[in-house]
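In the numbering used here, the protein residues as written are 16 to 273. Quick notes on the structure that follows.
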């Protein structure tokens, strides 16, 4: 089933919108290889974020494809170059004024995880400061937030898809991850559900499509409208459930314009 068949025909454009859509189609969109949000497969880019943003792109008429880069490099490009965007990025207070935001495209929750057979006593962030090492995605929202809180025991992970293997091998004591990323990696390693234990909840991770600060607001508008259609049609929920995210419909559509 194609995206257009699923979604139907978008509302009729107003006279000023062709210029908006032309600008929206010229944005360069980046992402990273980090399952299950966005990842490279033999058949192309997959993942919850990739499929939702791809559905948006069809409605916008965007045909350039998404470039996959290491996360820190993609972040730097979108921070410094005009008419660029990236997904799936957590919207945080520290990042608020660095980008322009479309979303959330989906929601997950973040935790500090340990292996069940590692009996370290961690129940809050003060305990987490005392462990030998905490694995965090290099350039990720949690790394930045925890460093600003004074954490000195962080290990930056440039291949976050291998993080649970590192945790299971004792190379790190705790791992910062979303629930969906943890479950995905746990299943890939063939570990039982109880093998990985959440210790400290870090909060809700609202995942967005973020644009460079210099991108005109009018350029973002077709992308915002496309997300409203994808979410309002129920297609975003179907994609989210496919990747283990559950029902995302509550409040998402109402929050899109924020």
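A virtual CB, placed ideally from N, CA and C, is assigned to each residue, including glycine.
Nearest Cα to residue 199 within the set 45, 43, 46, 51: 51. Assignment of beta-bridge partners to residue 170 by DSSP yields 150.
Contact between residue 226 and residue 42 holds, with the beta-carbon distance rounding to 7 Å and staying under 8 Å. In the three-state reduction of the DSSP assignment, residue 53 falls in the strand class, which pools E and B. The DSSP-derived three-state label of residue 131 is coil. Under the DSSP assignment, residue 244 falls in the alpha helix (DSSP H) whose first and last residues are 232 to 247. Nearest neighbour of residue 176 by Cα position, chosen from 143, 96, 152, 71, turns out to be 152.
The DSSP assignment places complete alpha helix (DSSP H) segments of no fewer than 4 residues inside the region 189 to 230 at 194 to 204, in order along the chain.
For residue 99, the enclosing beta strand (DSSP E) begins and ends at 99 to 105. In the pairwise beta carbon analysis, the region 63 to 77 is classified as not touching the region 176 to 188: fewer than three pairs are separated by under 8 Å. Inter-segment contact for the region 244 to 262 and the region 154 to 163 is absent: fewer than three beta-carbon pairs are separated by less than 8 Å. The Cβ atoms of residue 126 and residue 217 sit closer than 8 Å to each other. When C-alpha distances from residue 201 are compared across 128, 118, 60, the shortest belongs to 128. Here residue 174 is exposed: its Cβ has fewer than 16 other Cβ atoms, across all protein chains shown, within 10 Å. Three or more beta-carbon pairs separated by less than 8 Å link the region 132 to 139 to the region 205 to 225, which places the two stretches in contact. Around the C-beta of residue 35, 16 or more other C-beta atoms lie within 10 Å, and the residue is accordingly described as buried. When C-alpha distances from residue 182 are compared across 223, 221, 132, the shortest belongs to 132. Where residue 43 is concerned, there is no enclosing alpha helix (DSSP H), although the beta strand (DSSP E) around it starts and stops at 43 to 46. In the structure shown, the three-state DSSP call for residue 60 is strand. One thing to note: residue 221 has its Cβ within 8 Å of the Cβ of residue 106. Annotated three-state conformation of residue 87 is helix, per DSSP. For residue 142, the enclosing alpha helix (DSSP H) stretches over residues 140 to 143.
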